[in-house]
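Novice: First the structure, then my questions, so here it is.
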Amino acid sequence: MYRDRSKDVNARTIKKVVEAKARKQRRLKKRLEKARKKAEVVTNNADMTEREKAQEVKTLYKKALTPLKKKEATYVVMKKRHAGKKPKGIKGPYKLVDKRMKKDKRAIKIFDSKKRKAGKGISKPKNKARGRK
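With full-length UniProt numbering as the guide, the letters of the sequence shown map in order to residues 1 to 133.
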């Protein structure tokens, strides 16, 4: 009996995962509802031909179904005197970085490329008696 109960608990998905999926589904429904209303307006439009209407409705639904992309963060190099402050003229997401981070990132990139290159090519056979005469 106890084993069966634990099996049920383990099979069930995590609560926060279920909630996240529900939120995602809710957002999708909302977007589709907006698209449906816009499509209704387009279909009632007498100025457009049937083909244009169909094309417009298709693009509306396609736009509604594609998930919104996250905006790329703007990298802002910090100076000592402006550390921790949001710079002027930057809109949207931004990330404060410093010279050290920049150099570290560059070094990691170079290290990875060297690592990949090391595996390629033919290695020379090692001669054990090379130093002896």
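The beta-carbon is built from N, C-alpha and C at its ideal position, and this holds for glycine as well.
Just so you know, these numbers come straight off a predicted model, no measurement behind them.
Just confirm the distance between the C-beta atoms of P93 and K71, as a whole number of angstroms; I'd bet it's less than 8 Å.
Specialist: Indeed, because the Cβ distance is near 6 Å, the residues count as touching under 8 Å.
Novice: What would DSSP say about L68, mapped onto helix, strand or coil?
Specialist: L68 falls in the coil class under three-state DSSP.
Novice: In chain order, what residues of the same chain lie with their CB nearer than 6 Å to the CB of R31, ignoring the 5 residues before and after it?
Specialist: Correct list, in chain order: A64.
Novice: So what does DSSP say about T13, is it helix, strand or coil?
Specialist: Coil.
Novice: Using DSSP's beta-bridge definition, name the partner residues of K105.
Specialist: According to DSSP, which records beta bridges pairwise, K105 is partnered with nothing at all.
Novice: Going straight from the alpha carbon of N10 to that of D4, what length do you get?
Specialist: Rounded to the nearest angstrom, the two C-alpha atoms are 10 Å apart.
Novice: For D60, is the classification buried or exposed, using 16 other Cβ atoms within 10 angstroms of its Cβ as the cut-off for buried?
Specialist: This sequence places Leu at residue 60; Asp is not what is there. L60 comes out buried.
Novice: If you draw a straight line from the alpha carbon of I90 to that of T74, how long is it in whole angstroms?
Specialist: Each residue's alpha carbon lies about 8 Å from the other.
Novice: For the beta strand (DSSP E) holding K95, just list the boundary residues, first then last.
Specialist: From DSSP, the beta strand (DSSP E) with K95 extends over 94 to 97.
Novice: Between the Cα of V76 and those of V97, L68, K114, spot the shortest distance and give me the residue it belongs to.
Specialist: The option with the nearest alpha carbon to V76 is V97.
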